[in-house]
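Asks:
Number of protein chains: 2
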Amino acid sequence: MDIVDFVAQSIGHWRSQRSAHHLAFAHFEAVQSEIDILSLSVDDPAVLALCQTYGVDPQLAVSPFQMSWEGHSDWEDSEVIKGSCTLVPVPSPDQPQRGKLLRDQGYAEEIAAAGDYYFTNDDTFVLVTAYERAAAEEKIWFVNPNVRCRVSLIKTSAGSGVVTASFSSEIRQTP
Amino acid sequence: MDIVDFVAQSIGHWRSQRSAHHLAFAHFEAVQSEIDILSLSVDDPAVLALCQTYGVDPQLAVSPFQMSWEGHSDWEDSEVIKGSCTLVPVPSPDQPQRGKLLRDQGYAEEIAAAGDYYFTNDDTFVLVTAYERAAAEEKIWFVNPNVRCRVSLIKTSAGSGVVTASFSSEIRQTP
Numbered sequence: 022m023d024i025v026d027f028v029a030q031s032i033g034h035w036r037s038q039r040s041a042h043h044l045a046f047a048h049f050e051a052v053q054s055e056i057d058i059l060s061l062s063v064d065d066p067a068v069l070a071l072c073q074t075y076g077v078d079p080q081l082a083v084s085p086f087q088m089s090w091e092g093h094s095d096w097e098d099s100e101v102i103k104g105s106c107t108l109v110p111v112p113s114p115d116q117p118q119r120g121k122l123l124r125d126q127g128y129a130e131e132i133a134a135a136g137d138y139y140f141t142n143d144d145t146f147v148l149v150t151a152y153e154r155a156a157a158e159e160k161i162w163f164v165n166p167n168v169r170c171r172v173s174l175i176k177t178s179a180g181s182g183v184v185t186a187s188f189s190s191e192i193r194q195t196p
Numbered sequence: 022m023d024i025v026d027f028v029a030q031s032i033g034h035w036r037s038q039r040s041a042h043h044l045a046f047a048h049f050e051a052v053q054s055e056i057d058i059l060s061l062s063v064d065d066p067a068v069l070a071l072c073q074t075y076g077v078d079p080q081l082a083v084s085p086f087q088m089s090w091e092g093h094s095d096w097e098d099s100e101v102i103k104g105s106c107t108l109v110p111v112p113s114p115d116q117p118q119r120g121k122l123l124r125d126q127g128y129a130e131e132i133a134a135a136g137d138y139y140f141t142n143d144d145t146f147v148l149v150t151a152y153e154r155a156a157a158e159e160k161i162w163f164v165n166p167n168v169r170c171r172v173s174l175i176k177t178s179a180g181s182g183v184v185t186a187s188f189s190s191e192i193r194q195t196p
């Protein structure tokens, strides 16, 4: 598994169930959402702009994509959770299993963020992102072509304390 | 990470938050429980009995342990979920990162079960167990010495369909 395969497998429309565990007060939050992952062209203006923000040569970018989501949480019933971001993988020239993932909006803080990714030997995509006041670690893997799991940890910026642990099971919807 | 380190890190009293996603009907279940993991002696009668059940030389067993849990689910409010099982790791003689895990009671079906485990290169313990009518796949990893995550998938016995995906965040309680 490399980033090209991983993005190719991810393209599509997904129904997601997400459970967030707020560890300090043992609270469960349940979120249901629909996620769309779309392939972008490497010369898409949003891709070029993101490369420029991070001083990355756009020729090093592979398989850029856009992710958008819309859902609702049982915590804030009235609120619709909705968003979209552009993501640009930049594999390491000498280690194809590793690289940077640029994105124009992060999860933990709503600012642009660049994370470091790698693949484990059982084809799990691991992404570590440092934010100003937090650090995020995500693991995503395919159980079969139509089911993927995602575990996201939000940690204190020092990195040892876990604030929120969340788990998504995502099922591809037939077009 | 090998099985000796993994079991040593797991010994203790844990508070667990578990979310189960029943995928076919997009149901969320929340379970709170306390888990105790205790080291057992390799000549404990329960360990010897389990080795005998599986025809395993008890001299090949390492770091046997007992796990017990007690909790409650928001699905069946009145019911206390409670149980205990003995687990016996049997590393592969030629591949220390792999082996069998014997246990006297499985998760998916309440019968004795032997699973195959391995460690990934990012120190995740992966356990695959085939039952008569289902297959279970578990991934467990430590985020720090006092926080571990566990993802359990219950699949159809053919192995491709996922029936339940559940996620536990487990926090070690100070003694």
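Top line first, the protein sequences correspond to chains X and P.
Letter by letter, the first sequence follows residues 22 to 196 of my numbering.
Letter by letter, the second sequence follows residues 22 to 196 of my numbering.
Just so you know, even glycine gets a beta-carbon here, dropped at the ideal spot from N, CA and C.
These numbers come from a predicted model, not from an experiment.
1. Using C-beta distances below 8 Å, list every residue in its chain close to Asp78/P, excluding the 5 sequence neighbours before and after it, in chain order.
2. Report the neighbours of Phe49/X on chain P: residues whose CB is nearer than 7 Å to its CB, in chain order.
3. Would you identify the three-state DSSP class for Val77/P, choosing helix, strand or coil?
4. Distance cutoff 8 Å, beta carbons only. Does Leu59/P sit that close to anything in chain X?
5. Counting contacts by CB-CB distance shorter than 8 Å, is Thr141/X in contact with chain P?
6. If distances are taken between C-alpha atoms only, which option among Met22/X, Ile32/X, Leu122/X comes closest to Leu81/X?
7. Cβ atoms of Asp23/X and Pro85/X: under 8 Å apart, would you say?
8. Alpha carbons only, please: which of Phe27/X, Lys176/X, Asp125/X, Val184/X is nearest the one belonging to Pro66/X?
9. Quick check on the burial criterion: 16 or more other C-beta atoms within 10 angstroms. Buried or exposed for Ala70/X?
10. Let's test the definition: count the other Cβ atoms within 10 Å of the Cβ of Ser178/P and tell me whether it reaches 16, buried, or not, exposed.
11. Any beta carbon of chain X sitting closer than 8 Å to that of Cys170/P?
12. Under 8 Å between C-beta atoms, does Ser190/P make it to chain X?
13. Considering just the uninterrupted stretch of the beta strand (DSSP E) at Ala29/P, what are its terminal residues?
14. Taking the straight line between their C-alpha atoms, what separation do you get for Tyr197/P and Ser187/P?
15. Can you give, in chain order, each stretch of the alpha helix (DSSP H) that sits fully within the stretch 54-107 of chain P and has at least 4 residues?
16. Taking the straight line between their C-alpha atoms, what separation do you get for Ser173/P and Ser40/P?
17. Looking at C-beta atoms only, is the number of pairs between the stretch 27-34 of chain P and the stretch 26-34 of chain X that lie closer than 8 Å three or more?
18. On a CA-only basis, which of Tyr139/P, Asn142/P, Lys160/P, Ala135/P is nearest Thr150/P? Give me that one, please.
19. Taking the alpha-carbon positions, what's the Ser54/P to Phe140/P distance?
20. Please identify, using Cβ separations under 7 Å, the residues of the stretch 173-187 of chain P that lie next to chain X, in order along the chain.
21. Give a yes or no on whether 8 Å exceeds the smallest Cβ distance from Val149/P to chain X.
22. Return the CA-CA distance between Val25/X and Tyr138/P, expressed in angstroms with no decimal places.
23. Under 8 Å, do Val68/X and Val109/X count as touching if we go by C-beta distance?
24. Suppose the cutoff is 6 Å on Cβ atoms and the five residues either side in sequence are ignored; what does the same chain contact list for Lys160/X look like?
25. Pick out whichever of Gly182/X, Arg193/X, Ser189/X has its Cα sitting closest to the Cα of Leu44/X.
26. Which whole-angstrom value is the C-beta distance of Gln87/X and Ala47/P, which I expect to be below 8 Å?
27. With burial defined as no fewer than 16 other Cβ atoms inside 10 Å of the residue's Cβ, what is the status of Val101/X: buried or exposed?
Replies: Judging by the given coordinates:
1. Cys72
2. Gln38, Ser40, Ala51
3. coil
4. no
5. yes
6. Leu122/X
7. no
8. Asp125/X
9. exposed
10. exposed
11. yes
12. yes
13. No beta strand (DSSP E) contains Ala29/P, which is instead part of the alpha helix (DSSP H) from 24-31.
14. Past the edges of chain P, shown from 22 to 196, lies residue 197/P, and the structure says nothing about it.
15. 66-74
16. 10 Å
17. no
18. Ala135/P
19. 26 Å
20. Leu174, Ser181, Val183, Ala186
21. no
22. 29 Å
23. yes
24. Thr145, Val147, Val172
25. Gly182/X
26. At roughly 25 Å, the Cβ-Cβ gap does not stay under 8 Å, so Gln87/X and Ala47/P are not in contact.
27. exposed
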